[in-house]
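Numbering (this note's numbering), first residue to last: 14 to 484.
Everything on this sheet refers to the single structure shown next.
Given below as structure tokens:
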């Protein structure tokens, strides 16, 4: 793929310190976007800092950019009622701007959005409240430019110039990444960024069963019931063909189960907090006792990495701190207790653990009313980010913080398998990627003494389908 150079920079206008980096962007894309950030002294109005960086745009959006409907949904919300409605929905990939402290490289094929939320803004609706994260679209400065270019053929180029203002109280902190993405909920409240939106690919079961937990190995999806004493029946589905297979009846009860691809073993957590290791034919290899200092009211999930065994608890308590969601960590080599990670206040349902091996992360979804999502660094299990509240959805009508969903990420297929623990409905779901992501040349720090203006120029070329360039 041919590439071109793109210069990103950050400049402190008080000290004169300048940092520049050269990025390499693919040629032939029918759309491109550039973010610029400006900080101002709130008392004098003087600009003190500026940064500019071209973003990456996810190919699935760029490939479709020449379509009239898609172009309209991104760039223009005032053509007619159809386009207005389209831009009101969470599906619109340019609904929200999100600032995070995630210091992650720009990757065209990265599904994930990483980092703690520092600030955000709805690009279609103004805001004048006191939210300490939220900025507002500046509609008087936001423009829509319709250009015609002649280069042997007539090509229509449209540029949407977004301008977002953050007052002194909003988006204070240090951010490294800026994302553009859809909204988190329905068209009536889509202004929250859709941090981890999921889109259903297929329903594997239509509910009515008793199974409410998931395990995935090299070939199959296993779902089973998490009863008080554990379940002995595994319901088996081929993870590539989605065909139902014969059930497996285990010689032992299981409350939570995880497959270790490296050693081809199953790790099973029991309702007591003890755990066991089995070979791929479910023959017992080792047994380990619960040695966590936490008391607990229920096991929720188990996750296996190269070095650790993680078991999540509901209603855990220790040293007078009660009703917590916690993760106990054991050394994989010997089963000895390592530490406990305190995740959130009491949760009524599941704390799902998913290993994102390719990213070196552990994704923790807590079934609480705040929508807590924690991302751990796999190497040392330090917390990379912890976000709560309206940060994603499963569909346009089901909010991400729903108590009733249990998740597993499958690195092989790059899909989420999720189950509604109340209805038993089992889904295969895509993780909807952010439309765009830029990593700034240097992190930007905003304080309460600053106002901030972020501008985004998104240009889409209308390319006739038969003239679509290779990319």
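For glycine and all other residues, C-beta sits at the position ideal for the given N, C-alpha and C.
Query raised in the report: By how many angstroms is the C-alpha of residue 457 removed from the C-alpha of residue 494?
Result: Only positions 14 to 484 of the chain appear in the structure, and residue 494 is not among them; the question remains open.
Report task. Please classify residue 73: does DSSP put it in a helix, a strand, or coil? Result -> helix
**Report entry** Beta carbon of residue 261 nearer than 8 Å to that of residue 250
**Finding:** no
Query raised in the report: To the nearest angstrom, how far is it from the Cα of residue 315 to the Cα of residue 376?
Result: 12 Å
Query raised in the report: To the nearest angstrom, how far is it from the Cα of residue 263 to the Cα of residue 281?
Result: 12 Å
Requested in this report: May I ask which residues mark the beginning and end of the beta strand (DSSP E) holding residue 446?
Outcome: Unbroken run through residue 446: none, as it is neither H nor E.
Query - alpha helix (DSSP H) runs wholly inside the stretch 222 to 306, at least 4 long, in chain order - result: none
Report task. Determine the burial state of residue 449: buried for a count of at least 16 other Cβ atoms within 10 Å of its Cβ, exposed for fewer. Result -> buried
Query raised in the report: Is it the case that the Cβ atoms of residue 474 and residue 46 are separated by a distance below 8 Å?
Result: no
Requested in this report: Tell whether a beta-carbon distance below 8 Å holds between residue 126 and residue 192.
Outcome: yes
Query - residue 370 (DSSP reduced to helix, strand or coil) - result: helix
**Report entry** Helix, strand or coil at residue 468 [DSSP, three-state]
**Finding:** strand
Query raised in the report: Can you tell me the Cα-Cα spacing of residue 49 and residue 293, whole angstroms?
Result: 53 Å
Query raised in the report: residue 396 to residue 117, Cα distance in whole Å?
Result: 15 Å
Report task. Give the secondary structure of residue 210 by DSSP, where H, G and I count as helix, E and B as strand, and everything else as coil. Result -> coil
Report task. Would you give the residue range spanned by the beta strand (DSSP E) that residue 189 belongs to? Result -> 186 to 194
**Report entry** Bridge partner(s) assigned by DSSP for residue 311
**Finding:** 327
Query raised in the report: Pairing CB atoms from the stretch 16 to 30 with CB atoms from the stretch 433 to 449, are three or more of them under 8 Å?
Result: no
Query raised in the report: How should residue 179 be labelled, buried or exposed, when 16 other C-beta atoms within 10 angstroms of its C-beta is the threshold for buried?
Result: buried
Query raised in the report: For residue 364, is the classification buried or exposed, using 16 other Cβ atoms within 10 angstroms of its Cβ as the cut-off for buried?
Result: buried
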